Amino acid sequence: MTYGFLLESIWHPPLAFAEAASVPLPPELELQALWFGGAFGRHFRTTTGKSVRIVQFGGWNRGAGPDFIHAAVEIDGETRTGPLELDPSAADWDAHGHAENPDFNEVVLHVVFQSDARRIHTRTSDHREVPQVVISETQLSDALGRPQREVAIAHPGRCVAPLKGLPTGAVEKLMGEAATHRAELKAARWLRMEDAHGRDAALFQATAETLGYRGNSLAMRLLAQRAPLSLLRADLESAESILFGLAGFLSADQHELAPTDTRDYLRTLWDTWWHIRGRFETAESRRIRWKTYGQRPANHPHRRVGALGALVRVWPQYRRLALARPFQAKPVIDFLQELEHGFWEHRHTLESAPSAQRIALFGRTQALELIANHLAPLAMHEGGLSYKSYYKLRNSAANDKVKRCGLRLFGSKNASSPWMRRVCHHQALIQIYQDFCLEDSSDCENCPFPEQLAQWR
Numbered sequence: 001m002t003y004g005f006l007l008e009s010i011w012h013p014p015l016a017f018a019e020a021a022s023v024p025l026p027p028e029l030e031l032q033a034l035w036f037g038g039a040f041g042r043h044f045r046t047t048t049g050k051s052v053r054i055v056q057f058g059g060w061n062r063g064a065g066p067d068f069i070h071a072a073v074e075i076d077g078e079t080r081t082g083p084l085e086l087d088p089s090a091a092d093w094d095a096h097g098h099a100e101n102p103d104f105n106e107v108v109l110h111v112v113f114q115s116d117a118r119r120i121h122t123r124t125s126d127h128r129e130v131p132q133v134v135i136s137e138t139q140l141s142d143a144l145g146r147p148q149r150e151v152a153i154a155h156p157g158r159c160v161a162p163l164k165g166l167p168t169g170a171v172e173k174l175m176g177e178a179a180t181h182r183a184e185l186k187a188a189r190w191l192r193m194e195d196a197h198g199r200d201a202a203l204f205q206a207t208a209e210t211l212g213y214r215g216n217s218l219a220m221r222l223l224a225q226r227a228p229l230s231l232l233r234a235d236l237e238s239a240e241s242i243l244f245g246l247a248g249f250l251s252a253d254q255h256e257l258a259p260t261d262t263r264d265y266l267r268t269l270w271d272t273w274w275h276i277r278g279r280f281e282t283a284e285s286r287r288i289r290w291k292t293y294g295q296r297p298a299n300h301p302h303r304r305v306g307a308l309g310a311l312v313r314v315w316p317q318y319r320r321l322a323l324a325r326p327f328q329a330k331p332v333i334d335f336l337q338e339l340e341h342g343f344w345e346h347r348h349t350l351e352s353a354p355s356a357q358r359i360a361l362f363g364r365t366q367a368l369e370l371i372a373n374h375l376a377p378l379a380m381h382e383g384g385l386s387y388k389s390y391y392k393l394r395n396s397a398a399n400d401k402v403k404r405c406g407l408r409l410f411g412s413k414n415a416s417s418p419w420m421r422r423v424c425h426h427q428a429l430i431q432i433y434q435d436f437c438l439e440d441s442s443d444c445e446n447c448p449f450p451e452q453l454a455q456w457r
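Note that UniProt numbering numbers the sequence shown so that position 38 is 38, with each residue one more than the last.
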């Protein structure tokens with residue numbers, strides 16, 4: 001039996017899981033980021049049955065009006081260019097006043113995530129019907145990669161006994177197949193992003209997202225989408241100012257209030273941003289929202305944006321290592337750990353006092369996260385990394401999520417310890433936990449996984 005067959009046998013048809021309510025939609029900004037990142041693909045059908053292909057996703061609108069501008073959409077073979085609007089519900093078009101707003105008259109496609117019982121037509125103020133595409137709940141669920149629940153109660157599950165009864169080799173096979181399955185899902189996500197914006201842009205967005213772990217991954221992904229790598233590489237002298245300005249971290253009097261030894265850096269950022277901000281500034285309603293509380297000082301979003309700016313300067317070297325075939329993890333980890341920046345190697349925020357000790361811009365743990373979630377899955381998909389090599393990647397710093405998965409499946413810290421040492425096993429634990437523990441609404445009682453384990457060989 002394979003892990004894929006195990007999932008298929010449970011989900012088609014589903015066994016023993018309680019009927020779950022529809023998962024609430026994520027915030028609109030996250031839906032927009034998913035769309036722009038190509039998470040739903042390029043090919044769709046309108047509500048009237050016409051074929052749709054997204055030729056060009058366009059760019060983020062920074063002011064009032066439709067969400068995206070300069071999009072190119074092919075509908076039944078006819079190419080149309082113009083703005084694109086995205087709303088959680090079809091009814092939002094009228095509720096938000098778009099039907100009376102001339103700024104929306106040129107919209108070429110209306111993308112929504114909730115269809116209504118009765119069909120709602122999208123019409124402009126000049127009475128033109130706008131083609132409408134509905135993203136299904138299944139498409140959204142696949143793009144998000146999120147289960148029905150955020151967390152399962154952290155206590156041993158019913159699978160502890162059957163897992164304990166399996167030979168070590170059988171458990172190892174299960175973990176290997178779960179890790180491989182997870183890698184395939186992640187590679188598919190990368191390929192959709194690459195198809196939408198190109199290989200370099202996909203790497204840039206994936207790296208930014210990793211820098212945002214844990215509380216600012218969406219914010220960093222948005223920043224990488226709004227300040228694309230091609231723009232930053234074309235003007236390296238302004239790149240950091242663009243990143244910090246678009247992030248909303250710069251103000252006119254900031255350098256005057258900052259400690260003496262940080263003023264020059266801040267003044268340089270602001271002076272550059274002041275001259276170019278008219279091209280980039282975003283309306284208040286579209287600003288990126290950052291989480292600054294509950295973060296370790298080294299993970300403050302100021303530092304993460306600084307690290308992204310440092311990577312932009314050395315992009316060719318980084319790209320060569322990150323996308324090398326065959327892929328090797330150590331050169332990537334070493335390169336990221338040694339990433340240099342005169343200011344950010346000794347600062348936690350734009351206003352903080354300097355640290356006597358060097359602070360890595362991109363630590364080993366984050367580098368391993370990048371490899372596990374993005375680089376290794378892509379390399380495995382492209383034949384540039386074998387599972388045997390992936391298996392050798394060690395990470396003894398299991399996070400709380402991985403530890404919770406281990407407790408649920410194996411019953412105790414001691415029993416789960418053999419599976420806490422390798423990157424592939426961390427990924428396997430998360431995948432099994434997500435596929436079963438977080439999809440079960442019966443607090444383990446009706447979950448079919450324990451019974452299915454009896455057939456695992």
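Cβ coordinates follow ideal geometry from the N, Cα and C atoms, glycine included.
Bear in mind the structure is a predicted one, so any value in this text is a computation, not a measurement.
Worksheet item: Who are the Cβ neighbours of S288 in its own chain at under 7 angstroms, not counting the five residues just before and after it?
Response: In the sequence under discussion, the amino acid at residue 288 is Ile, which differs from the Ser named in the question. If we look at I288 and ignore the five residues flanking it on each side, its Cβ neighbours are A219, L222, L223, A247 and G248.
Fill in: Distance, D440 Cα to F17 Cα
Here F17 scores only 47 on pLDDT, less than 50, and its place in the model is too uncertain to base an answer on.
Discussion item. Using the Cβ count rule (16 or more neighbours within 10 Å means buried), how would you classify P83?
Written reply: P83 comes out buried.
Fill in: Own chain residues within Cβ distance below 6 angstroms of I120, not counting five before or after
A90 and A91
Worksheet item: What separation, rounded to the nearest whole angstrom, lies between the Cα atoms of T48 and G38?
Response: 23 angstroms
Worksheet item: Who pairs with G59 in a beta bridge, going by DSSP?
Response: I69
Discussion item. With three or more C-beta pairs closer than 8 angstroms as the rule, is the stretch 337 to 356 touching the stretch 302 to 315?
Written reply: yes
Fill in: Which listed residue (S136, E129, P102 and D126) has its alpha carbon closest to that of R116
Correcting the residue type first, residue 116 is Asp in the shown sequence and not Arg. The shortest Cα separation from D116 among S136, E129, P102 and D126 belongs to S136.
Discussion item. Less than 8 angstroms between the C-beta atoms of residue 459 and V52, yes or no?
Written reply: The requested residue 459 is not part of the displayed model; the chain covers only 1 to 457.
Worksheet entry | Proximal residues to L15 (C-beta, below 6 angstroms), its chain only, five neighbours per side dropped | For L15, the predicted model reports a pLDDT of 48, less than 50, meaning its position is unreliable; a value from the coordinates is still stated below. Around L15: P448.
Discussion item. Using a Cβ-Cβ cutoff of less than 7 angstroms, which residues in the same chain neighbour E19 once the five nearest sequence positions on both sides are dropped?
Written reply: In this prediction, E19 has a pLDDT of 48, which is less than 50 and means its spatial position is unreliable; what the coordinates show is noted afterwards. If the five residues before and after E19 are omitted, its C-beta is found closer than 7 angstroms to no C-beta atom of its own chain.
Worksheet item: For F44, which residues does DSSP report across the bridge?
Response: DSSP lists V52 as partners of F44.
Discussion item. Using a Cβ-Cβ cutoff of less than 8 angstroms, which residues in the same chain neighbour M193 once the five nearest sequence positions on both sides are dropped?
Written reply: G37, G38, A39, A201, A202, Q205 and A206
Worksheet entry | Rounded separation between Y387 and A356 - CA only | C-alpha separation (whole angstroms): 41 angstroms.
Worksheet item: Counting pairs of beta carbons, one from the stretch 156 to 169 and one from the stretch 121 to 129, are three or more of them closer than 8 angstroms?
Response: no
Worksheet item: Can you name, in chain order, every residue of its own chain whose Cβ lies under 7 angstroms from the Cβ of L7, other than the five neighbours on each side?
Response: D435
Fill in: Which of helix, strand or coil DSSP assigns to S89
strand
Discussion item. Using CA atoms only, rank isn't needed, just tell me which of L211, E237, A353 and P377 is closest to G363.
Written reply: L211
Worksheet item: Nearest-angstrom Cα distance between H98 and Q132?
Response: 14 angstroms
Worksheet item: Could you give the C-beta distance for D87 and V112, rounded to a whole number, given that I count them as a contact under 8 angstroms?
Response: 5 angstroms
Item to complete: Would you tell me roughly how many angstroms separate the C-alpha atoms of P450 and K164, rounded to the nearest one?
Response: If I take the Cα positions, the gap works out to 11 angstroms.
Worksheet item: From which residue to which residue does the beta strand (DSSP E) around Q114 run?
Response: For Q114, the enclosing beta strand (DSSP E) starts and ends at L109 to Q114.
Item to complete: Grab the span of the alpha helix (DSSP H) containing A402 for me, first residue to last.
Response: The sequence shown places Val at residue 402, rather than the Ala named in the question. Looking at the DSSP string, the run of the alpha helix (DSSP H) that includes V402 is D400 to F410.
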